[in-house]
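Residue numbers (my numbering): 1178 to 1311.
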C-alpha cells in the first residue's frame, strides 16, 4: 500500500490535529474551580503527645469510634490498634473523627489543663494500644 493512498485528506488532518475547545466561559470556569479547590488532604489522623511525639493513622483503617459521655473516646483500627482519648468536651472531636475531618488529636500541655472554658475540647491523656503483629 502506498503512502499516498493511506494519506488522509488535508481538512481531516487539520481537524484531528487540533484539540477540541470549550467556550471561553467554560474554560474560565474550569480554571477558576481548579484555583479555588485546595489540595486534597492526606487521609490520615495525627496523634500528637505532650512531648511532641506524633503518630499518624490511616483513616481507611479506622473501623469503629466509641464514645463514652464520661468523656472517653476510643478509636479502633483494623490492625487491632486502639487509641484511647480521655479529656473534656470530646463530643465535637468524636464528630470530626467520625466524619474523617479531624487532622490531629493533640494532648494538652500540663499548663493548659483546666484553663479553657467548659464548652471547649481538652485532651488530657492519649493511650495507644498496639494491635496484632502478625
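The C-beta atom is built at its ideal place from N, Cα and C for all residues, glycine as well. In this text the structure is predicted, and so the values were computed from the model without any measurement.
Ranked by Cα distance from residue 1269, the options 1250, 1256, 1257 are led by 1250. The beta carbon of residue 1185 lies closer than 6 Å to none in the same chain, with the five residues before and after it left out. The residues 1248, 1249, 1301, 1302, in chain order, have a CB closer than 7 Å to that of residue 1263 in the same chain once the five nearest residues on each side in sequence are set aside. When the beta-carbon positions are compared, residue 1255 and residue 1240 come within less than 7 Å of each other. Taking each of 1245, 1297, 1236 in turn and checking the Cα distance to residue 1285, the smallest one comes out for 1297.
The beta carbon of residue 1282 sits closer than 8 Å to the beta carbons of 1222, 1223, 1224, 1225, 1260, 1262, 1270, 1274, 1300, 1303 from its chain, once the five residues preceding and following it are set aside; these are given in chain order.
For residue 1188 and residue 1206, the gap between their C-alpha atoms comes out near 31 Å. Nearest to residue 1272 by alpha-carbon distance, out of 1253, 1242, 1230, 1257, is 1242.
Remark: C-beta atoms of residue 1309 and residue 1257 approach each other more closely than 7 Å. Counting along the chain, residue 1252 sits inside the beta strand (DSSP E) bounded by residues 1249–1254. With respect to the 7 Å criterion, residue 1246 and residue 1236 are not classified as neighbours on the basis of their beta carbons.
Residue pairing for residue 1190: DSSP places it in no beta bridge.
Residue 1276 counts as exposed, since fewer than 16 other C-beta atoms from the protein chains shown sit within 10 angstroms of its C-beta. According to the DSSP assignment, residue 1270 belongs to the alpha helix (DSSP H) that extends over 1268–1275.
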